[in-house]
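Asker:
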Amino acid sequence: MARRFPKTNHTHPRHLRAAAFSAVAGLSLVAALAMPAAALATGGAGIDKSETVYVSADSSGNVRETTVRETLSNDGKAATLPDRSDLSDIKPSDDKQGFSTNADGSLSWTANGKKVSYSGRSDKPLPLAISVSYTLDGRPIEASELAGKSGHLVMRFDYKNESSATRSVQGSQRELFTPFAAITTVDLDEDVFHDVKLTNGRLVSGDTPMAVGYALPGLQRSLDLSRDQIELPEYFELEADVTNFSLGSVTTIVTPSLLSDLDTSKIDAEDNGETVDLLRSSMSQLMSGSDELASALQKISDGNTALSRGVDVFRAEAGLLPQATGQLADGASSLAQGVGQARDGAESLAAGGQALSEGLGRLNGGVTGLQGASAALGASLGDVRDVLTRAQRQAASAKDAASEAADMATQVGQSADDAQVAATAAGDAAERLGSSADALKAYASAQEGVRNQVAEAREALMGIDQTGMTDAQRQAVASALEKLNDAAGTASTVPQPEDVSAQVTKLEEKATSLSSAAASAQSIAQRSGAASAATDACGDLVAAARGSEEQATGLAGVAALAHQLDQGIVSIHGALGSAEDAGSLLGGAAASSAGAQQLAQALGQAASGAGELATGARRIDQGAGQLVGGIEQLQDGASALATGSSAAAVGSDQLTDGLRAFDEKAVSKMVEALDGSSMRKLVARLDAVSELADEYESFAGIAEGQHGTTKFVIRLDAIGD
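In the numbering used here, the protein residues as written are 205 to 925.
1) Let me check understanding here. Comparing Cα to Cα, which of 287, 274, 278 and 279 lies closest to residue 907?
2) Can you round the beta-carbon distance between residue 887 and residue 380 to whole angstroms, since I take them to be within the 8 Å contact cut?
3) Would you list the residues sitting across from residue 928 in a DSSP beta bridge?
4) Compare the C-alpha of residue 312 against each of 303, 340 and 274 and name the closest.
5) Could you check whether the region 316–326 touches the region 274–283, counting it as contact only if at least three pairs of C-beta atoms, one from each stretch, sit closer than 8 Å?
6) Count the CB pairs spanning the region 386–398 and the region 424–431 that are closer than 8 Å, and state whether there are at least three.
7) According to DSSP, is residue 350 part of a helix, a strand, or is it coil?
8) Run the CB neighbour count on residue 901, radius 10 Å, all protein chains shown included, and call it buried at 16 or more, exposed below.
9) Below 8 Å, can you find three or more Cβ-Cβ pairs linking the region 331–341 to the region 350–365?
10) Looking at the unbroken beta strand (DSSP E) that takes in residue 423, where does it start and where does it end?
11) Using a 10 Å radius around the Cβ and a threshold of 16 neighbouring Cβ atoms, would you call residue 344 buried or exposed?
12) Taking only beta-carbon atoms, is residue 255 less than 8 Å away from chain C?
13) Thinking just about the alpha-carbon of each residue, which of 448, 318 and 455 is nearest to the one in residue 440?
14) Can you check DSSP and say which residues form a bridge with residue 923?
15) List the whole-angstrom C-beta distance separating residue 347 from residue 315, where the pair is believed to meet the contact cut-off of C-beta under 8 Å.
16) Considering just the uninterrupted stretch of the beta strand (DSSP E) at residue 926, what are its terminal residues?
17) Looking at the secondary structure, which residues open and close the beta strand (DSSP E) in which residue 378 lies?
18) What is the DSSP secondary structure of residue 887, counted as helix, strand or coil?
19) Round the Cβ separation of residue 382 and residue 413 to the nearest angstrom and send it over; I've been treating them as touching at under 8 Å.
20) Using the C-alpha atoms, what's the distance from residue 438 back to residue 306?
21) Taking a contact to mean a Cβ-Cβ separation below 8 Å, would you say residue 914 touches residue 251 in this structure?
22) Return the chain-ordered list of same chain residues with a C-beta closer than 6 Å to the C-beta of residue 370, the five sequence neighbours on each side being excluded.
23) Just to check my reading of the structure: residue 188 and residue 920 have Cβ atoms closer than 8 Å, yes? What is that Cβ distance to the nearest angstrom?
24) What is the residue span of the beta strand (DSSP E) that residue 445 lies within?
25) Nearest-angstrom Cα distance between residue 226 and residue 384?
26) Going by alpha carbons, who is nearest to residue 290 out of 904, 917 and 374?
27) Which value, in whole angstroms, describes the spacing of the CA atoms of residue 351 and residue 270?
28) Taking residue 362 as the reference, give the member of 317, 300 and 403 with the closest Cα.
29) Nearest to residue 460 by alpha carbon, out of 397, 319 and 255?
30) Throw me the rounded Cβ distance for the residue 446 and residue 397 pair, which I believe falls under 8 Å.
31) Would you say residue 317 and residue 278 are within 8 Å of each other, going by their C-beta atoms?
32) Could you round the C-beta distance between residue 916 and residue 373 to whole angstroms and report it? I think they count as a contact, below 8 Å.
33) Quick check: the Cα distance between residue 883 and residue 327, rounded to an integer number of angstroms?
34) Measure the beta-carbon distance from residue 368 to residue 923 and round it to whole angstroms, keeping in mind my assumption that it falls under 8 Å.
35) Run through the region 267–318 for me and flag every whole beta strand (DSSP E) of 3 or more residues, listed as ranges in chain order.
36) Measure the Cβ-Cβ separation of residue 405 and residue 415 and say whether it is below 8 Å.
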């Protein structure tokens, strides 16, 4: 697209003198704008406080908000730094640094050997006011009505210096203004702006064309210069044809450093010739250095443009930071709660492990005792089986004896020896039946003990708290419980003690009968020859034999019960396992309890650390908002820096041309126009104005004895898209 921005020309001699003086002012502006930026970055030699005032204003220049960024240098690595500030809502960049307010209103910063940076807000009026007016097709129009309009537009920026002081100049009291220099940049969309013309400004080409205006408000009055001799700019005007109007970034940079440290000692008001020679020599040096300056400023401009773009990307990404840090804070709090719950669980696990260890200790003793009782019961059952076998044989013998007794009762004449044999057999059977009864009683007692021990062990295992146990520990408890359940189930199939007791009662009754029969038979044997007695005794013996036959049937049932009991004991013994298994489980439970205690201690430390993490995350979340605010300021500063450096780069080219014109046409005429008296007055006023520039070191305040630099970055709202 063809460039449609013509260069502005000044042909009137008065304009030429203004251009020449503006060229010198431009050089001063370049130095003034560059030096504070460097000082802000490095602290600056001899600079104690660097200040940047960020101003947000509407499209007409009305201030909406003022934020100030301060940096206190600390080359001496001091622990505390003195300061004075009238800002509100002061926030340090480093949370570890803070301040206290002294009785006289001054501040003392905790620096910790580092520089201190902080920001705050101010409602003070600016020392230099900007007013922007708009005219469309010759008629005034409000900025809010301009969006989308087309026509011939005139934008005028008026700068009013509000910072003045009365000083003595050559014995007279004069009102002098702080020598502020202002540079305003306006981005120009080539689809919107056509045929642009500027007053007190230059067009700058680049990726985005811009108009750069400059002004030195109040300096003409301070120096008491006649406008017929020279006219210093106090406004900037842009004129163009616009289509579907919109306006992007408009930034103004203001600095009081234009005439700071001005040295007028070499100006000889009495010898204009030497002054001219000095001016010409100085001009030669200025023109020689201007080429180098232009090259360097172009590099700076390119770098600052890249910086501005990078900061824009950084700002876009940083916008997500508050949400992310909020999630971090929530997650850290959840972590702290979870670790605390885990610690409580580990403590419960340790307590449960201790209870498990104690319960398994009791189980281990019970298993050992139960195994002993089981072995003893098995031996007793063996004896019972032997007794029952012999008892069955004796019952058979008794049956045979009964048969013989019947024959003897019929044959009354049997011998007493046979009666003695019967008596002996019956007595032996009675004795063995008594032994069987005792064995069955022992069985019933042992069976009841087994049932009780199994129930106690099962209750101990079921009462163990398994919260926080490992899978292996839970499996060990489950396996032991399963074995006890199997043992309990097996024991339930063994005849109950009441069944055995009934059989014992029957055995005891039959043994008593057999004992009585044996006694009778013995008496018969002693009374051999008494047939009637023998007959009666044989009758009793027959009856006893019949009882023995019935008892044989009962003994067969007892034998079957003993066999079932024997099988049940074998099953219980297998279900309980060995004492070594119980001892191994006991050792594992003790180790689990000790490990759980260590885990609880470690989780206690972790809970403390998680709490600190949650606290730190909340601080990060709170600081994220401040960081985003700082990044926004950085974005504004980077944009302004890129704009200013780009303007300086282009202005340096114009400066070279202006210096040549100034050397050829202005220097001599200026000196010629000033006689000795006028020169002395100018030098005196320059000295006084320079002192004002040196004195304006801070907008928001500075401690006594400190030196500072300040600049203002004023951003106007965009119009339209």
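We treat Cβ as the ideally placed atom computed from N, Cα and C, and that holds for glycine. None of these values were measured; they are calculated from a predicted model.
Answerer: Inspection of the coordinates gives the following:
1) The shortest CA-to-CA distance from residue 907 to any of 287, 274, 278 and 279 is the one to 287.
2) 14 Å between Cβ atoms; not a contact.
3) In the structure as shown, the chain starts at 205 and stops at 925, and residue 928 therefore has no counterpart that could be examined.
4) Selected option, being the one with the closest Cα: 303.
5) Touching, per the Cβ criterion.
6) Cβ pair count under 8 Å is below three, so no.
7) In the structure shown, the three-state DSSP call for residue 350 is coil.
8) Under this definition residue 901 is a buried residue.
9) Counting Cβ pairs under 8 Å, three or more are found: they touch.
10) Membership of residue 423 in any beta strand (DSSP E) is not indicated; the residue belongs instead to the alpha helix (DSSP H) covering 423–427.
11) By the Cβ-count criterion, residue 344 is exposed, with fewer than 16 other Cβ atoms from all chains shown falling within 10 Å of its own Cβ.
12) Here there is only one protein chain, and chain C is not present.
13) Of 448, 318 and 455, the residue nearest in Cα terms is 455.
14) Beta-bridge pairing links residue 923 to 451.
15) In fact, because the Cβ distance is near 44 Å, the residues do not count as touching under 8 Å.
16) Outside the shown range of the chain (205 to 925) lies residue 926, about which nothing can therefore be said.
17) 376–381 is the extent of the beta strand (DSSP E) around residue 378.
18) Secondary structure of residue 887 (DSSP, three-state): helix.
19) Between the beta-carbon of residue 382 and that of residue 413 there is about 32 Å, and that puts the pair past the 8 Å contact cut.
20) Just so you know, the alpha carbons of residue 306 and residue 438 end up roughly 42 Å apart.
21) Their beta carbons are not under 8 Å apart, which means residue 914 does not touch residue 251 by this criterion.
22) Its chain contains 377 and 379 as the residues whose beta carbon lies nearer than 6 Å to that of residue 370, once the 5 sequence neighbours on both sides are disregarded; these appear in chain order.
23) This structure gives no information on residue 188, because the portion of the chain shown stretches from 205 to 925.
24) Under the DSSP assignment, residue 445 falls in the beta strand (DSSP E) whose first and last residues are 439–446.
25) Bear in mind that the predicted position of residue 226 carries a pLDDT of just 44, short of 50, making it unreliable; the figure below should be weighed with that in mind. Rounded to whole angstroms, the gap between the alpha carbons of residue 226 and residue 384 is 14 Å.
26) The shortest Cα separation from residue 290 among 904, 917 and 374 belongs to 904.
27) C-alpha separation (whole angstroms): 26 Å.
28) Answer by Cα proximity: 403.
29) Residue 255 is the option with its Cα nearest to residue 460.
30) Contact holds; Cβ gap of about 6 Å.
31) Taking 8 Å as the Cβ cut-off, residue 317 and residue 278 qualify as a contacting pair.
32) Not quite, the Cβ-Cβ distance comes to about 27 Å (not below 8 Å), so this is no contact.
33) About 41 Å.
34) Incorrect: roughly 33 Å between the Cβ atoms, too far for contact.
35) Within the region 267–318, the complete beta strand (DSSP E) segments at least 3 residues long are 267–276, 284–287, 292–296, 303–305 and 311–314, listed from N- to C-terminus.
36) The Cβ atoms of residue 405 and residue 415 lie closer than 8 Å to each other.
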